[in-house]
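So for the sequence shown, our numbering puts the first residue at 22; every next one is plus one.
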Amino acid sequence: MEVQKRLLNSVDKCVDEALCGIVRSSGSLTLLRGHRVVLRSDLDNLKGKVALLSGGGSGHEPAHAGYIGVGMLSGAVAGGVFASPPPASILAAILALWQGGAAAVLLVVKNYTGDRLNFGLAAEQARAQGVPVDMVIVADDCAFNQPAKAGRRGLCGTVFVHKLAGAMAEEGLPLHTIVSRVNEATKVIGTLGVSLSPCSVPGCLPSFQLPAGEMELGLGIHGEPGIKRSKVAPADEVVKTVIDHMTDPSSQTHLAMKSGDSVVICVNNLGALSSLEMAVVTRAAISSLEDRGIIVARVMSGLFMTSLEMAGMSLTIMKSDQEILRLFDAKTSAPAWPNLSSELVSGRKWSVEPPQQNASHEVTHSPGPLSDVMRKALEAVCEVLLQHQEELNMLDRAAGDGDCGNTHACAAKAIQEWLLGHTVPGCPGQLLSVLASLVQERMGGSSGALYSLFLAAAALPLMGQSDAASWAKAMHSGTEAMKRYGGAEPGDRTMLDALCPAVEELQKLSSSPPTGVMAVLQAAVERAKAGADSTKSLSAQAGRASYIAAEHLTQPDPGAVAVAAILRAVYEALCGEYP
Numbered sequence: 022m023e024v025q026k027r028l029l030n031s032v033d034k035c036v037d038e039a040l041c042g043i044v045r046s047s048g049s050l051t052l053l054r055g056h057r058v059v060l061r062s063d064l065d066n067l068k069g070k071v072a073l074l075s076g077g078g079s080g081h082e083p084a085h086a087g088y089i090g091v092g093m094l095s096g097a098v099a100g101g102v103f104a105s106p107p108p109a110s111i112l113a114a115i116l117a118l119w120q121g122g123a124a125a126v127l128l129v130v131k132n133y134t135g136d137r138l139n140f141g142l143a144a145e146q147a148r149a150q151g152v153p154v155d156m157v158i159v160a161d162d163c164a165f166n167q168p169a170k171a172g173r174r175g176l177c178g179t180v181f182v183h184k185l186a187g188a189m190a191e192e193g194l195p196l197h198t199i200v201s202r203v204n205e206a207t208k209v210i211g212t213l214g215v216s217l218s219p220c221s222v223p224g225c226l227p228s229f230q231l232p233a234g235e236m237e238l239g240l241g242i243h244g245e246p247g248i249k250r251s252k253v254a255p256a257d258e259v260v261k262t263v264i265d266h267m268t269d270p271s272s273q274t275h276l277a278m279k280s281g282d283s284v285v286i287c288v289n290n291l292g293a294l295s296s297l298e299m300a301v302v303t304r305a306a307i308s309s310l311e312d313r314g315i316i317v318a319r320v321m322s323g324l325f326m327t328s329l330e331m332a333g334m335s336l337t338i339m340k341s342d343q344e345i346l347r348l349f350d351a352k353t354s355a356p357a358w359p360n361l362s363s364e365l366v367s368g369r370k371w372s373v374e375p376p377q378q379n380a381s382h383e384v385t386h387s388p389g390p391l392s393d394v395m396r397k398a399l400e401a402v403c404e405v406l407l408q409h410q411e412e413l414n415m416l417d418r419a420a421g422d423g424d425c426g427n428t429h430a431c432a433a434k435a436i437q438e439w440l441l442g443h444t445v446p447g448c449p450g451q452l453l454s455v456l457a458s459l460v461q462e463r464m465g466g467s468s469g470a471l472y473s474l475f476l477a478a479a480a481l482p483l484m485g486q487s488d489a490a491s492w493a494k495a496m497h498s499g500t501e502a503m504k505r506y507g508g509a510e511p512g513d514r515t516m517l518d519a520l521c522p523a524v525e526e527l528q529k530l531s532s533s534p535p536t537g538v539m540a541v542l543q544a545a546v547e548r549a550k551a552g553a554d555s556t557k558s559l560s561a562q563a564g565r566a567s568y569i570a571a572e573h574l575t576q577p578d579p580g581a582v583a584v585a586a587i588l589r590a591v592y593e594a595l596c597g598e599y600p
C-alpha cells in the first residue's frame, strides 16, 4: 500500500498554508498571529453580542473556518490534521473575541475526547480571567446501538448547530438562552455516514483498508471504523439503509421520526464523491424520506464536513419547526454556507411540461416518385453503418472515447425503426427534415449535432425541389452549416476532410447533363474515400482528437471514414435504380 499522492508543498506546513489560503481568499477573515486561529475581521460588530467559537482537527474543510461570518461563527481554532487544537490557541481565540467587545463566548465542540479536554481547559482558564464562557457538546452520531462511555461522536450535525446558534447570537440573545435552545436542538439531530474508501493523513498510510467492492457504514470523520461492512449497493439502497439505521427504535442513538414530521437534511460529501454522485444521493435522500411521510423542509448538499479524500457521504437529519426554520433561513456571510431557498422542498412543483410541438418525424407525409429510391438509399446507409460499427469504434479509441461506431449505429437503428412505420415523403426536403430530427434525438454527442445541422440546412433548398442543381445546393448548404457551427475546416482531421471534397465534386451537378449525374456521384464517392484516407497523416485541429499527440494518430479519422461509407452506400443504391 502506497502513501496517497497529494498536491502539497510540505506535510509539516500544509495546515498553516491551508489556513493562509482560506484567509487570503476572503476579505472577511483574519489570522491570529502565532496561532492556528481564524477570526472575523470585523470584531467591532460583535460588541454586546455572544461570540461563537468552534474548531477541531484540520482535514474537515470547509469546517470550521468556512463557517465564520455574520450569523454564524466568530472564530475557529484548527489543530493538526485530525488532531485537537491546543488549549493555548483556544484560549487566545476566546480572549481575542472577548477583548473585541463580545458580551460572552460560546464554544461549540464536537464530542471527541481531545476536543472536550482542550476546549474545556481553555474555557476554565478563560473563566478565571473573568470571561463569561460556556460550552455545548454536539454528539449526533447514530451509528452505535449502544454507545460506549465516551458517547456519540460529533459529526456534520455540528454545522447545523453553528447556524442556529449563530443566528440567535446575531439577534442579540443572551448566552444562557442560546445554550438552552442549542442543547434542545442537538436532541433532534442525527448523522450517519457511509464510505467507499478510507482516507489518510498526509504523509501516512490510509487509516483502514476497505476491499474493492465494499463499503463501510457508520464510520467517523477521522477514519475511525464503522459498524458494518457490506457490498457496494445502488445509491437508493444505500440511502435507505442509512435512514433505516438512523431511525431504528431499538437503537439507543436513533432519531425518532414519524409521518408528518418536518426535517432539514444535509447530504455531506466526505471528500471525494463527484458532484454527479452527490446529486443522485441527494435525490435518493429526499425521496426516501418523503416515502416515509416525512416533510423535507430544506436540503443542503455538498462539502460541509469532510474527511480529507474519503469517497463517501454522511446524511444529517434535523427535525424542524417554524422557529428552527426561521433561524436556519437567517442570512449569513459565512463563505461555506450555501445560498439556499426558503421554500419548502416537499410539495413544491419541481418539474413542468415541455412546450407542445410536433416532431417533424411524427408528421404524416405524402409519398412521391422519389419515395422508393430514397427509402432504398436510406436502408443501404443504415446497413453499412451497422456493418462498420466496430471498425468505427476501433478507429475512435485512438483519439476519442471509442463510441463513434455506436453513435452511428444509434442513428441507423433510429432510421430503420422510422422506416418500418412511416411513408417516405416524396419531397426530399421533408425527408431531410425528418432525418435531422431523428438524428438530433437519437444519435447524441457532437456527431449527432453535426449531422442534424447538415441535414436541417440541406433540407431548405430541397423543399419542393428535387433536380440535380438543388441537390448540389443542398449539399453545399449543409456543409457550410457544419463548418460555421462546428468550427472545423478541411485539413483539421474531421469528417469534413471526406465531406468537403465530395461536396465540391457534387457542385458539378449544377451544370452536368442528366446522363452525367451518376459519373459525378461516382467521382464524389472516390474523393470522399481519398479524403478519409488522407486523415491518416493529418494533425487533428478540432474535436477530441485535437488533444492527442500527433504521433499517436496513425489511423484515419472515424468520422471521415463514416462519411465516405455513407456516400458509397447511397451511390451503390442509386446504381441499382439508375444503371
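No residue lacks a Cβ here, since even glycine has one placed at the ideal position from N, Cα and C.
Item                                                                                                                                                                          : Value
Straight-line CA distance for residue 193 to residue 111?                                                                                                                     : 23 angstroms
Between residue 300 and residue 307, what straight-line distance do the alpha-carbon atoms span, to the nearest angstrom?                                                     : 11 angstroms
Thinking just about the alpha-carbon of each residue, which of 352, 59 and 518 is nearest to the one in residue 98?                                                           : 59
Between the stretch 75 to 93 and the stretch 311 to 328, can you find at least three pairs of beta-carbon atoms closer than 8 angstroms?                                      : yes
Could you check how far apart the C-beta atoms of residue 101 and residue 187 are, in whole angstroms? I think they sit under 8 angstroms.                                    : The Cβ separation is near 26 angstroms, so there is no contact.
Quick one, which of 358, 156 and 546 has its alpha-carbon nearest residue 89's?                                                                                               : 358
For residue 134, count neighbouring C-beta atoms within 10 Å of its own C-beta (all shown protein chains included) and say buried if the count is 16 or more, exposed if not. : exposed
Identify which residue in 255, 234, 218 and 267 has its Cα closest to the Cα of residue 243.                                                                                  : 218
In the DSSP assignment, what are the bridge partners of residue 36?                                                                                                           : The partner list for residue 36 (beta bridge, DSSP) is empty, contrary to what the question assumes.
Can we say the stretch 533 to 543 touches the stretch 578 to 598, given the rule of at least three CB pairs closer than 8 angstroms?                                          : yes
Check the Cβ-Cβ distances between residue 308 and every residue of chain B, and say whether any is below 8 angstroms.                                                         : Absent from the structure: chain B. Only one protein chain is present.
Evaluate the contact criterion for the stretch 470 to 481 versus the stretch 489 to 508: three or more CB pairs, one atom per stretch, below 8 angstroms.                     : yes
Quick one: is residue 210 buried, meaning 16 or more other Cβ sit within 10 Å of its Cβ, or exposed?                                                                          : buried
In angstroms with no decimal places, state the Cα-to-Cα distance between residue 560 and residue 471.                                                                         : 21 angstroms
Does the distance from the CB of residue 252 to the CB of residue 235 come in under 8 angstroms?                                                                              : yes
Going by C-alpha to C-alpha distance, which of 108, 115, 147 and 162 sits closest to residue 138?                                                                             : 108
Would residue 505 be called buried (16 or more neighbouring beta carbons within 10 Å of its own) or exposed?                                                                  : exposed
Tell whether a beta-carbon distance below 8 angstroms holds between residue 128 and residue 144.                                                                              : yes
Where residue 587 and residue 375 are concerned, what is the direct C-alpha to C-alpha distance, given to the nearest angstrom?                                               : 34 angstroms
Closest to residue 464 by C-alpha separation, out of 441, 426, 447 and 454, would be which residue?                                                                           : 426
In the DSSP assignment, what residue or residues form a beta bridge with residue 287?                                                                                         : 321 and 337
I'd like to check one pair, residue 216 with residue 331: are the Cβ atoms closer than 8 angstroms?                                                                           : yes
Is residue 315 near residue 339, with beta carbons less than 8 angstroms apart?                                                                                               : no
Among the residues of its own chain, which have a CB less than 6 angstroms from the CB of residue 432, if the five just before and after it don't count?                      : 460 and 464
With distance defined between alpha-carbon atoms, name the residue in 69, 223 and 146 nearest to residue 34.                                                                  : 223
Do residue 309 and residue 264 come within 8 angstroms of each other at the CB atom, strictly closer than that value?                                                         : yes
What runs of the beta strand (DSSP E), each 3 residues or longer, lie entirely inside the stretch 136 to 160?                                                                 : 154 to 159
Would you call the CB atoms of residue 156 and residue 181 closer than 8 angstroms?                                                                                           : no
For residue 373, count the other beta carbons within 10 Å of its own beta carbon; 16 or more makes it buried, fewer makes it exposed. Which is it?                            : exposed
Are residue 446 and residue 409 touching if we call contact CB-CB under 8 angstroms?                                                                                          : no
Can you tell me the Cα-Cα spacing of residue 178 and residue 241, whole angstroms?                                                                                            : 13 angstroms
Taking the CB atoms as reference points, tell me whether residue 162 and residue 148 lie closer together than 8 angstroms.                                                    : no
Count the other CB atoms within 10 Å of the CB of residue 166; is the residue buried (16 or more) or exposed (fewer)?                                                         : exposed
In whole angstroms, what separates the C-alpha of residue 450 from that of residue 510?                                                                                       : 26 angstroms
I need the DSSP call for residue 61, collapsed to helix, strand or coil.                                                                                                      : strand
Flag this pair as yes or no: are the beta carbons of residue 153 and residue 196 separated by less than 8 angstroms?                                                          : yes
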